[in-house]
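J.: In this text, residue positions in the sequence shown follow the numbering used here: the first is 119, and each later residue adds one. All residues carry an ideal CB built from backbone N, CA and C; glycine is no exception. Let me give you the structure first, and then I'll get to my questions.
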Amino acid sequence: MTLSQLTRQVREVLKEVDTLRIKSDAYIGCCEIRLANEAAVDTAMTALRNAGLPCKKVGWFENLGYWLVGAARPEDYPHSAQ
Numbered sequence: 119m120t121l122s123q124l125t126r127q128v129r130e131v132l133k134e135v136d137t138l139r140i141k142s143d144a145y146i147g148c149c150e151i152r153l154a155n156e157a158a159v160d161t162a163m164t165a166l167r168n169a170g171l172p173c174k175k176v177g178w179f180e181n182l183g184y185w186l187v188g189a190a191r192p193e194d195y196p197h198s199a200q
């Protein structure tokens, strides 16, 4: 799958999925992406950014066996930097 195909899929998913509502000082309207492969995380983050969704790699959770990426729709999280 090419990056442009993945970006299109991300855009379609964003149209379909209601983003999780997590209310706190740090995040409003964010969602979590859990992947075990760091290369897949980087590709997913590129696709998310290309689709207009700011995101940040939160970190590797050894005990759970996955990387966590936080993403937020710009209108829900206006202070995020792309």
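Starting from the C-beta of residue 177, find all residues in its chain whose C-beta is less than 8 Å away, skip the five residues before and the five after it, and write them out in chain order.
T.: For the purposes of this step, residue 177 is taken as residue 59 along the sequence shown, with counting starting at 1. Contacts found: 185, 186.
J.: Bridge partners for residue 159 per DSSP, in chain order?
T.: Working through the sequence shown from its first residue, we reach residue 159 at position 41. Paired residues: none, contrary to the question.
J.: Tell me the DSSP secondary structure of residue 147 in three-state form.
T.: Residue numbering aside, residue 147 sits at position 29 when the sequence shown is read from its first letter. Low per-residue confidence applies at residue 147: pLDDT is 49, beneath 50, and the placement is therefore not dependable, though the value from the model is reported in the following sentence. DSSP places residue 147 in coil when its eight states are reduced to three.
J.: Among residues of its own chain, excluding the 5 on either side of residue 156, which ones have a beta-carbon nearer than 7 Å to its beta-carbon?
T.: Stepping through the sequence shown from its first residue, residue 156 is reached at position 38. Correct list, in chain order: 185.
J.: Roughly how many angstroms separate the alpha carbons of residue 151 and residue 181, rounded to a whole number?
T.: Working through the sequence shown from its first residue, we reach residue 151 at position 33. Working through the sequence shown from its first residue, we reach residue 181 at position 63. Spanning the two alpha carbons is a distance of roughly 16 Å.
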